[in-house]
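Sequence positions in the sequence shown follow the working numbering and run 7 to 134. Idealized CB from N, CA, C, for every residue including glycine.
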Amino acid sequence: MLWLAGLLKPKVISEKIANFLRDAVETIIRIKIQKGIIRSDMLQLMMESKDKKGDNKELTVEDMAALTFTFFSAGYETSSTLMCFASHWIGRNEKVQNRLQDEIDRVLEDRANRRMKRSTTWNIWMLY
Numbered sequence: 007m008l009w010l011a012g013l014l015k016p017k018v019i020s021e022k023i024a025n026f027l028r029d030a031v032e033t034i035i036r037i038k039i040q041k042g043i044i045r046s047d048m049l050q051l052m053m054e055s056k057d058k059k060g061d062n063k064e065l066t067v068e069d070m071a072a073l074t075f076t077f078f079s080a081g082y083e084t085s086s087t088l089m090c091f092a093s094h095w096i097g098r099n100e101k102v103q104n105r106l107q108d109e110i111d112r113v114l115e116d117r118a119n120r121r122m123k124r125s126t127t128w129n130i131w132m133l134y
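Okay, here's the thing in structure tokens:
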């Protein structure tokens with residue numbers, strides 16, 4: 007079936023968006039290489055698979071941009087559904103609201119006089 011898609015080349019997104027995604031992925035790859043940034047993310051895994059020798063299937067920037075778009079679009083719906091469900095569940099359950107508020111207060115007390123950071127959420131056990 008992939009041969010048919012290769013033959014017909016259907017347009018799923020506009021050329022402008024495709025170029026933006028390709029340029030963004032290419033820029034991120036270039037910055038990661040220049041600055042030696044290594045993170046545990048999907049783009050890093052794709053870059054590492056590209057660097058492996060002996061593998062005839064090398065991922066191009068276009069491949070990585072397409073996969074990035076797929077991960078983003080597929081993950082968006084599931085993440086938003088989960089956040090809606092969690093918000094609804096917390097909103098309907100006063101006991102959970104109180105436990106969550108107590109946990110947030112505890113973490114913020116530990117971080118008094120310090121700026122809130124993204125990593126602070128890792129210390130809120132109730133969120134897991």
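Unbroken alpha helix (DSSP H) run spanning residue i, endpoints
i, result
"Asn25", "Glu21 to Lys41"
"Asp69", "Val67 to Arg98"
From the options, residue whose alpha carbon lies closest to that of residue i
i, options, result
"Phe78", "Trp95, Ala92, Leu49 and Arg45", "Leu49"
"Leu51", "Gln40, Thr74 and Gln103", "Thr74"
"Leu27", "Ile110, Thr76 and Gly81", "Thr76"
Cβ neighbours of residue i in the same chain (closer than 7 Å, five flanking residues each side left out)
i, result
"Ile96", "Val102, Gln103 and Leu106"
"Tyr134", "Confidence is the limiting factor: at Tyr134 the pLDDT is only 49, short of 50, which leaves the residue's position unreliable and the question unanswerable from this model."
Would you check if there are 3 or more beta carbon pairs closer than 8 Å linking the stretch 69 to 85 to the stretch 31 to 46?
-> yes
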